[in-house]
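Student:
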Amino acid sequence: MTARVVTGAAIAAACAAVAAPLEARAPPASTTGLCPSPSPRGIVRTVSLPGRPGSLLLTKRTLWAAIAGPGPARPGMLARVDARTGRVQRLFHLPTNPYRIAYAFGSLWVTGEASPSARRYAGAVLRLDPRTGRILHVIHGPILLGSAIAATREGVWVGGGDVYARGHPEKAGVRFVFRIDPKRNAVVQRVQLRSTTVIDLLGEGRFLWATGWGAVVKVSPFGREVFRQRFYGSGWSLARAPNAVWVAQPFSGTRNPRTQRPVRKLLEATIRPPRLTVNELEAPPGLLSSAVGVVWMSAPGGLVRIVGAHHPVTLEPVPVGVVPNHIAAFAGGVWGAVPRERRLIKICWR
230 MTARVVTGAA IAAACAAVAA PLEARAPPAS TTGLCPSPSP RGIVRTVSLP
280 GRPGSLLLTK RTLWAAIAGP GPARPGMLAR VDARTGRVQR LFHLPTNPYR
330 IAYAFGSLWV TGEASPSARR YAGAVLRLDP RTGRILHVIH GPILLGSAIA
380 ATREGVWVGG GDVYARGHPE KAGVRFVFRI DPKRNAVVQR VQLRSTTVID
430 LLGEGRFLWA TGWGAVVKVS PFGREVFRQR FYGSGWSLAR APNAVWVAQP
480 FSGTRNPRTQ RPVRKLLEAT IRPPRLTVNE LEAPPGLLSS AVGVVWMSAP
530 GGLVRIVGAH HPVTLEPVPV GVVPNHIAAF AGGVWGAVPR ERRLIKICWR
């Protein structure tokens with residue numbers, strides 16, 4: 230792996246001068262004690278599931294796993310797993326094929342794909358009771374809502390769907406994020422992102438991180454970009470580390486398909502001073518997750534970890550004999566989803 234440093238055109242407003250505490254895609258939660266001490270380096274738990282696992286979300290000592298339906302738009306499930314023991318505690322049946330999950334304000338929030346016969350759930354966010362799986366509310370926006378979702382202290386944010394009036398791609402839903410007020414169970418705010426589309430979202434205190442085609446940005450509760458790092462291509466996944474945000478970039482170009490080319494890049498956008506480090510990879514990047522300053526990345530070439538405080542950056546291979554897709558990091562390790570084998574794996578790596 231090689232790296233080159235490029236001075237970034239990042240901006241930071243005064244209101245971002247005091248860094249907010251780091252959070253995952255859910256409100257702050259302690260995930261200590263998830264690995265035995267001392268623990269071996271490798272897979273310490275394997276969890277079998279009744280379907281193909283996808284998005285993962287770790288909240289305190291509970292791991293939530295989206296389970297795909299038997300076909301496109303077919304109803305799937307959510308699995309509630311004890312993150313310490315790996316025991317499957319509950320399986321919640323859903324009316325949609327789940328995409329992504331957030332946990333906030335005492336509820337689960339789920340995006341997904343609905344079949345034509347279930348129009349009520351098309352382009353909507355489901356609010357669930359995490360104890361019973363009961364659907365508390367079905368929330369629609371002014372347009373179809375997309376798959377990316379994250380929670381902040383101000384509410385639950387979701388990206389717009391990739392729909393627009395013919396001839397007006399600049400008004401595509403993927404250029405907007407929508408804030409759901411948990412008290413009203415309704416969309417109360419729409420923010421157009423000028424620098425990027427929405428492929429991935431991450432909550433941090435009162436602020437929202439977003440990445441997609443063109444940039445990674447940090448958005449204030451009022452919808453203003455307080456940090457921006459542009460790049461030429463798509464940000465597929467993002468994760469935070471001290472004084473930096475990491476972005477997986479599998480394509481260069483713009484939203485125009487004729488400009489798009491596969492690339493193998495992992496971007497590190499330093500916040501102070503603003504700087505972009507482009508790490509050239511040997512294989513396409515996968516999805517990212519971070520905890521206590523360590524960034525994990527899934528990729529076709531294998532799972533790797535990056536200690537964000539160390540420079541120059543070193544990608545440490547984590548050879549465990551299997552390559553997870555979606556991942557959820559915690560202090561000392563990571564949970565991974567292995568869709569083909571219909572199982573979850575828990576990796577401890579200290």
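When we follow this note's numbering, the leftmost residue of the sequence shown carries the number 230, and every step to the right adds one.
Cβ atoms here follow ideal geometry from the backbone N, Cα and C, with glycine treated the same way.
1. Considering only DSSP beta bridges, list what residue 451 is partnered with.
2. Got a sec, what are the start and stop residues for the beta strand (DSSP E) residue 281 sits in?
3. Rounded C-beta distance between residue 384 and residue 405? I'm assuming under 8 Å.
4. Given 8 Å as the limit, is there contact between the stretch 562 to 573 and the stretch 274 to 284, that is, 3 or more CB pairs closer than that?
5. Helix, strand or coil, according to DSSP, for residue 361 in the structure here?
6. Counting beta carbon pairs with one atom in the stretch 480 to 489 and one in the stretch 456 to 465, are three or more of them shorter than 8 Å?
7. In this structure, how does DSSP classify residue 512 when only helix, strand and coil are distinguished?
8. What are the start and end residues of the beta strand (DSSP E) that includes residue 575?
9. Excluding sequence positions up to five away, which residues of its chain have a Cβ less than 7 Å from the Cβ of residue 247?
10. So which of 429, 347, 554, 264 has the shortest CA-CA distance to residue 367?
11. Apart from the five residues just before and just after residue 543, which ones in its own chain have a Cβ nearer than 6 Å to its Cβ?
12. What are the boundary residues of the beta strand (DSSP E) that includes residue 293?
13. Rounded to the nearest angstrom, how far is the Cβ of residue 443 from that of residue 426, given a contact under 8 Å?
14. State buried or exposed for residue 536, treating a residue as buried only when at least 16 other CB atoms are found within 10 Å of its CB.
15. Please classify residue 485 as buried or exposed, where buried requires at least 16 other C-beta atoms within 10 Å of its C-beta.
16. Take residue 287 as the anchor and find which of 325, 270, 329, 271 has the nearest alpha-carbon.
17. Count the other C-beta atoms from every protein chain shown that fall within 10 angstroms of the C-beta of residue 312, then say buried if there are 16 or more, exposed otherwise.
18. For residue 491, which option in 509, 505, 474 has the closest C-alpha, if you only look at C-alpha atoms?
19. Hey, quick one: how far does the beta strand (DSSP E) through residue 491 stretch, first residue to last?
20. In three-state terms, what does DSSP make of residue 566?
21. Using the Cα positions of residue 314 and residue 396, report the straight-line distance between them to the nearest angstrom.
22. With burial defined as no fewer than 16 other Cβ atoms inside 10 Å of the residue's Cβ, what is the status of residue 259: buried or exposed?
23. Across which residues does DSSP place residue 481 in a beta bridge pair?
24. Consult DSSP for residue 462 and reduce its assignment to one of helix, strand or coil.
25. In the DSSP assignment, what residue or residues form a beta bridge with residue 472?
26. For residue 351, which of helix, strand or coil comes out of DSSP?
27. Go ahead and label residue 488 buried or exposed: buried means 16 or more other beta carbons lie within 10 angstroms of its beta carbon, across all protein chains shown.
28. Considering Cα atoms alone, identify which of 503, 438, 548, 577 is closest to residue 531.
29. With distance defined between alpha-carbon atoms, name the residue in 455, 436, 512, 516 nearest to residue 475.
30. List the DSSP bridge partners of residue 326.
31. Closer than 8 Å is the cut-off here; do at least three beta carbon pairs connect the stretch 284 to 304 with the stretch 328 to 342?
32. Taking the beta strand (DSSP E) that residue 376 falls in, what are its first and last residues?
33. Which of the three DSSP states, helix, strand or coil, is assigned to residue 533?
34. So, using beta-carbon positions, are residue 470 and residue 519 closer together than 8 Å?
35. Using only CA atoms, which one of 349, 534, 565, 309 lies nearest to residue 360?
36. State buried or exposed for residue 577, treating a residue as buried only when at least 16 other CB atoms are found within 10 Å of its CB.
Tutor: Judging by the given coordinates:
1. Looking at the DSSP assignment, residue 451 forms no beta bridge with any residue, so it has no partner.
2. Where residue 281 is concerned, there is no enclosing beta strand (DSSP E), given that its DSSP letter is neither H nor E.
3. In fact, because the Cβ distance is near 15 Å, the residues do not count as touching under 8 Å.
4. yes
5. coil
6. They touch, by the three-pair rule.
7. coil
8. 572 to 577
9. Residue placement at residue 247 cannot be trusted, given a pLDDT of 28 that sits under 50; what the coordinates show is reported in the next sentence. Here the set comprises nothing.
10. 347
11. none
12. 291 to 296
13. 7 Å
14. exposed
15. Residue 485 counts as exposed, since fewer than 16 other beta carbons sit within 10 angstroms of its beta carbon.
16. 329
17. Flag for residue 312 reads buried.
18. 509
19. 490 to 499
20. strand
21. 53 Å
22. Confidence at residue 259 is low in this model, with a pLDDT of 47, below 50, so its placement is unreliable and the value that follows should be read with caution. It counts as exposed.
23. As computed with DSSP, residue 481 is found in a beta bridge with 490.
24. strand
25. DSSP lists no partner for residue 472.
26. Here residue 351 sits in coil by DSSP.
27. exposed
28. 548
29. Ranking the options by Cα distance to residue 475, first place goes to 516.
30. 342
31. Because the criterion of three Cβ pairs below 8 Å is met, the stretch 284 to 304 and the stretch 328 to 342 touch.
32. 374 to 381
33. strand
34. yes
35. 309
36. buried
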